[in-house]
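S.K.:
In UniProt numbering, the protein residues as written are 1 to 91.
(1) Over what stretch of residues does the alpha helix (DSSP H) that includes residue 57 continue unbroken?
(2) In whole angstroms, give me the CA-to-CA distance for residue 55 and residue 4.
(3) Measure the alpha-carbon distance for residue 35 versus residue 43 and round it to whole angstroms.
(4) With a threshold of 16 other CB atoms inside 10 Å of the CB of residue 84, please say whether the residue is buried or exposed.
(5) Which of helix, strand or coil does DSSP assign to residue 76?
(6) Under a Cβ-count criterion, where at least 16 other Cβ atoms within 10 Å of its own Cβ denotes burial, should residue 53 be classed as buried or exposed?
(7) Exposed or buried, what is residue 82 when buried is set at 16 or more other beta-carbons lying within 10 Å of its beta-carbon?
(8) Given a threshold of 16 other Cβ atoms within 10 Å of its Cβ, counted over all protein chains shown, does residue 7 qualify as buried or as exposed?
(9) Using the rule of at least 16 other Cβ atoms within 10 Å of the residue's Cβ for burial, across every protein chain shown, is residue 22 buried or exposed?
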């Protein structure tokens with residue numbers, strides 16, 4: 001019997017899909033209310049996950065999903081940063 005390590009799954013806030021954590025981008029809101037991308041997944045604060053997919057990010061932007069999830073205003077520049085991150089191939 002092989003002991004396979006359990007893959008941590010996270011739910012994409014835009015699509016509702018469960019995916020391995022490595023296929024997601026974590027966006028975090030700090031105690032000060034700053035919202036930023038967290039590629040390491042280690043920052044402290046309220047986190048939300050998005051799939052590493054341009055269409056998903058655009059969908060989240062259109063529906064304001066991140067702002068609702070993190071209960072704070074999310075600047076449009078963060079979405080641009082996320083899209084640039086995905087297009088650079090940090091998958």
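Here a beta-carbon is modelled for each residue, glycine too, at the ideal position from N, C-alpha and C.
It should be emphasised that the depicted structure is a prediction, and the values quoted were computed from it without experimental measurement.
M.R.: This is what the structure holds:
(1) The sequence position of residue 57 within the chain shown is 57, counting from 1. Where residue 57 is concerned, the enclosing alpha helix (DSSP H) stretches over 54–63.
(2) One-based indexing of the chain shown puts residue 55 at position 55. One-based indexing of the chain shown puts residue 4 at position 4. In a straight line, the C-alpha of residue 55 is about 32 Å away from that of residue 4.
(3) Position 35 of the chain shown, counted from the start, is the residue given in the question as residue 35. Position 43 of the chain shown, counted from the start, is the residue given in the question as residue 43. Taking the straight line joining both Cα atoms gives about 11 Å.
(4) To locate residue 84, count along the chain shown from 1; it is residue 84. Classification of residue 84: exposed, given that the 10 Å Cβ count is below 16.
(5) Mapped onto the chain shown, residue 76 falls at position 76. The answer is helix: DSSP assigns residue 76 an H, G or I state.
(6) Translated into positions along the chain shown, residue 53 becomes position 53. Buried.
(7) Taking the chain shown and counting its residues from 1, the one referred to as residue 82 is at position 82. So residue 82 counts as buried.
(8) Counted from its first residue, the chain shown places residue 7 at position 7. That one is exposed.
(9) Numbered from 1 along the chain shown, position 22 holds the residue referred to as residue 22. Exposed is the call here.
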